[in-house]
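Q:
Number of protein chains: 2
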Amino acid sequence: MNLFDTINKRRSIRRFTEETVPEDVMNKALEMAVLAPNSSNTQTWDFYWVQSGDKKAKLVEACLSQAAARTAAELLVVVAAPKSWQRSQKRLIEWVKSSNAPKPVVMYYEKLIPAMYRWGIFNILGFVRFLIFNLVGLFRPIMRRPATRRDVQEIAIKSAALAAENFVLAMTAQGYATCMMEGFDECRVKRLLKLKCHDRVVMVIGVGKESDKGTWGPRYRLPLSEVVHKV
Amino acid sequence: MNLFDTINKRRSIRRFTEETVPEDVMNKALEMAVLAPNSSNTQTWDFYWVQSGDKKAKLVEACLSQAAARTAAELLVVVAAPKSWQRSQKRLIEWVKSSNAPKPVVMYYEKLIPAMYRWGIFNILGFVRFLIFNLVGLFRPIMRRPATRRDVQEIAIKSAALAAENFVLAMTAQGYATCMMEGFDECRVKRLLKLKCHDRVVMVIGVGKESDKGTWGPRYRLPLSEVVHKV
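Order-wise, the sequence lines are chains A and B.
The first sequence begins at 80 in my numbering and counts up one residue at a time.
The second sequence begins at 80 in my numbering and counts up one residue at a time.
The structure is reproduced here in structure tokens:
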């Protein structure tokens, strides 16, 4: 399916039929998700495909039992895992070395990533970075983030959102509907999935075939001229 | 262009040729950007298309003069504007009324959105919400965010990221390359664009035709089995 048509067709569908979603379709969409750009290619994301009936029931409850979760054939929890740069670091270093990357890139993964992503006990490293960045920033341009723990989480959340957008587009292109949900109890979802305390639940995506009660009206967007500023 | 091919083709290109980008191509990609799903359809995003030579030079400097900014034909700054729900609120209410939406939806935009998005002076409302959510949350599932100002920013950042992903895919489908940059001096970018203090710069996107030095090697992603967890 053509990109523009896919983007145009995608709507947040709040009610699904009872039709199931083939595993292949989900896998294809997940493959597309991880091809999204992400911060320094650290891939600090996790995707929990909740399949067990018991866990699904608890997840629906944590999503405040909204129809988009309750009626979904499949539920995917998109998680930002800010410490998981450690999972990819070793392999990223091997990969950049084997692909003859310029030396600074190797250094970047060996030294700079840990220096930027670690926040230290009680966020101490984070505050030290915050001070340094803002002090240096008085005199010359410098990256201001990630400084604190929350900044590192924010960067991971951003990357996970990019992947989630690819996921919903890929579901749309395959003829299935989705609903990105932010209305959930993050503490309960984290407990259910046994996430680490610094992990963040970015969204829960409901997937299925669109029911005729999937939306209640046409789409509305502000005119482009109000959100695009030519300066 | 087919969605899967587009997603597969998109890479972060760090060096562009001197070829310009037609205005139509940019406009089409911006149209696609705002069709992304976003939090409660509040559309808390702004896109600054920096065209003036002087501002562009300053923006490149704020992007630490990296090649992806320096050589870009066009630069787009994606901004999360957490207070701009006020811009869309009135029109969203009119729209839901005119499209015969269920009553709770009207109430949602009239009452709930302001109650959730306002953080009050010194973030006081934010902390009150935080306390209430976490107290109620002891007994039953409840949405935990947005509580504080930073939460409202985070939600806006997430929505803006979804739009940005549509934007880069739409550029790719039209034969142009992009680079999402997070390596910039947020304070200097905010000053340059005269943003409000609570606005957040989500990313700067460089756009142009890919140069043969655009990437230094093949793409690398972790195996899907390490980031997708079936539970």
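Note that CB positions come from ideal geometry on N, CA and C, so glycine has one too.
Are three or more beta carbon pairs between the region 178-185 of chain B and the region 299-306 of chain B nearer than 8 Å?
A: With the cut-off at 8 Å, the region 178-185 of chain B and the region 299-306 of chain B do not touch.
Q: Verify whether the separation of the beta carbon atoms of T150 (chain B) and F212 (chain B) is less than 9 Å.
A: The answer is no: Cβ separation not under 9 Å.
Q: Helix, strand or coil for K309 (chain A) per DSSP?
A: Note: K309 (chain A) maps to strand in three-state DSSP.
Q: Measure the beta-carbon distance from A239 (chain A) to V281 (chain A) and round it to whole angstroms, keeping in mind my assumption that it falls under 8 Å.
A: 4 Å
Q: By alpha-carbon positions, which one of A:K273, A:T257, A:A243 ends up nearest to G293 (chain A)?
A: A:T257
Q: Beta-carbon within less than 7 Å of P119 (chain B)'s beta-carbon, same chain only, minus the 5 sequence neighbours each way: which residues are those?
A: A quick correction: the sequence has Ser, not Pro, at residue 119 (chain B). If you ignore the 5 residues before and after S119 (chain B), its C-beta comes within less than 7 Å of the C-beta of I192, all in its own chain and listed in chain order.
Q: By the 10 Å Cβ neighbour count, where 16 or more other Cβ atoms means buried, how is G285 (chain B) classified, buried or exposed?
A: buried
Q: Looking only at its own chain, which residues have a Cβ that is under 7 Å from the Cβ of I221 (chain B), when we skip the five neighbours before and after it?
A: F212, V215
Q: Residues in its own chain within less than 8 Å of L204 (chain B) by CB, not counting five upstream and five downstream?
A: R197, W198
Q: Mind listing which residues of the region 209-220 of chain A have their C-beta closer than 7 Å to chain B's C-betas, in chain order?
A: G216, P220
Q: Is V175 (chain A) near L272 (chain A), with beta carbons less than 9 Å apart?
A: no
Q: Sort out for me which residues DSSP pairs M260 (chain B) with in a bridge.
A: B:V283
Q: When DSSP labels each residue in this structure, what does W139 (chain B) get in the three-state scheme?
A: Checking the sequence, you will find Val at residue 139 (chain B) rather than Trp. Under the three-state reduction of DSSP output, V139 (chain B) falls in the helix class.
Q: Nearest chain B C-beta to H308 (chain A) closer than 9 Å, yes or no?
A: yes
Q: Does A141 (chain B) get closer than 9 Å to chain A when you measure Cβ to Cβ?
A: yes
Q: My guess is that V306 (chain A) and D125 (chain B) are in contact by the Cβ rule of under 8 Å, so how many angstroms apart are they, rounded?
A: Correct: roughly 6 Å between the Cβ atoms.
Q: Between R197 (chain B) and chain A, is there a C-beta pair that is closer than 9 Å?
A: no
Q: Please look up how many angstroms separate the CB atoms of R93 (chain B) and A152 (chain B), rounded, as I've assumed it's under 8 Å.
A: So it is not a contact: roughly 14 Å between Cβ atoms.
Q: May I ask which residues mark the beginning and end of the alpha helix (DSSP H) holding D230 (chain B)?
A: 228-252
Q: Measure the Cβ-Cβ separation of Y255 (chain B) and K309 (chain B) and say whether it is below 9 Å.
A: no
Q: Closer than 8 Å between beta carbons: that is the criterion. Which residues of the region 257-272 of chain B meet it against chain A?
A: M259, E261, G262, F263, D264, E265, C266, R267, L272
Q: Provide the residue span of the beta strand (DSSP E) that contains F218 (chain A), from first to last.
A: Element bounds for F218 (chain A): n/a, residue is neither H nor E.
Q: What are the start and end residues of the beta strand (DSSP E) that includes F126 (chain B)?
A: 124-129
Q: Span of the beta strand (DSSP E) holding A159 (chain A)?
A: 153-159
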